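Residue numbering for the sequence shown follows our numbering, starting at 1 and increasing by one per position.
We put the beta carbon where it would ideally sit given N, CA and C, even for glycine.
All of these numbers come straight from a predicted model, not from anything done at the bench.
What follows is a set of notes on a single structure, which appears directly below.
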Amino acid sequence: MTRRIGLFLLVAGLGTATPALAAEAPASDVVCAGEGSGQRCTVSAVQPFPDNRGGLGELSISAVRDAACTSLHIVFDEPIAPARSVTLTVDGAPPQRFYTPDQLSDLAGALDEGPQAGAPPQAGPPEFTRFLAQVATGAIADEDAGTEMLSRFAAIKEPRRIGLTCGPMERLLPLIRSDRRLRLEFQRQANGATQVYHWPRLDRRTVEFRLGGLLEALDRAMPGS
1 MTRRIGLFLL
11 VAGLGTATPA
21 LAAEAPASDV
31 VCAGEGSGQR
41 CTVSAVQPFP
51 DNRGGLGELS
61 ISAVRDAACT
71 SLHIVFDEPI
81 APARSVTLTV
91 DGAPPQRFYT
101 PDQLSDLAGA
111 LDEGPQAGAP
121 PQAGPPEFTR
131 FLAQVATGAI
141 ADEDAGTEML
151 SRFAAIKEPR
161 RIGLTCGPME
171 RLLPLIRSDR
181 RLRLEFQRQA
191 NGATQVYHWP
201 RLDRRTVEFR
211 LGGLLEALDR
221 AMPGS
């Protein structure tokens with residue numbers, strides 16, 4: 001399996017992991033499908049936040065668990081600007097950055113072409129360049145590079161949603177379980193054409209929330225996981 005195929009499966013999985021559950025199910029209800037090792041459970045909540053313009057916005061937050069891992073999915077009530085930085089910070093850990101599918105596809109392509117191909121993804125984040133250099137120098141074995149790429153960078157941002165899957169989420173789970181505060185920072189997509197007097201800072205959003213209760217609900221639904 002090439003790294004591009006692995007990335008496609010990752011993005012496809014994020015596309016199906018968060019249906020309209022956050023809107024259809026009451027907050028903190030757990031919905032499960034399947035049995036045994038094929039069981040998949042989702043718990044959702046709605047998080048309101050001030051929108052910097054005198055109103056309120058909402059995040060639809062879902063934690064999803066199956067036999068493989070726990071993942072986190074957030075749906076926005078209005079489009080965000082994927083070209084701008086999106087970060088999720090948990091107290092006690094460095095900020096987790098999110099990447100567009102195109103950025104991750106470029107990184108997977110650079111890995112598939114091999115270190116001798118040379119150039120890193122155009123205009124890619126500096127952490128991509130550092131990662132490719134580690135592969136090129138053998139600090140990360142080539143056969144481990146695909147798995148390591150997903151472990152480090154499997155955090156996807158799109159105009160209406162973001163998703164944090166197994167690798168990055170696993171590193172944050174101990175902190176989240178201790179009910180540490182999470183801080184999500186993103187920028188709302190500006191409406192219409194940007195005017196000369198437009199101030200991008202007005203479109204920045206910072207939302208703080210906790211997920212310990214959602215994880216406890218999953219634990220009760222899947223006690224053996």
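- Item | Buried or exposed by the 16-neighbour rule on C-beta atoms within 10 Å, applied to D179 | exposed
- Item | Segment contact, 8 Å Cβ cut-off, at least three pairs: the region 57-68 with the region 145-160 | no
- Would you tell me roughly how many angstroms separate the C-alpha atoms of G34 and H73, rounded to the nearest one? 20 Å
- Message: Just list the residues that DSSP pairs Q187 with in beta bridges.
- Response: R204
- Task: Look at F128 and Q103 and say whether their C-beta atoms are less than 9 Å apart.
- Result: yes
- Query: With contact counted as at least three CB pairs below 8 Å, one residue from each stretch, are the region 39-46 and the region 205-218 in contact?
  - Reply: yes
- Query: Shortest alpha-carbon distance to L107 belongs to which of L132, C41, D51?
  - Reply: L132
- Message: Helix, strand or coil, according to DSSP, for A25 in the structure here?
- Response: Reliability fails at A25, whose pLDDT of 34 lies under 50, so the model's placement of it is uncertain and the value that follows must be treated cautiously. Looking at A25 - three-state DSSP - the assignment turns out to be coil, as it is neither helix nor strand.
- Over the uninterrupted alpha helix (DSSP H) stretch that includes Q103, give me the two end residues. 101-113
- Query: Helix, strand or coil: which one does DSSP assign to P50?
  - Reply: strand
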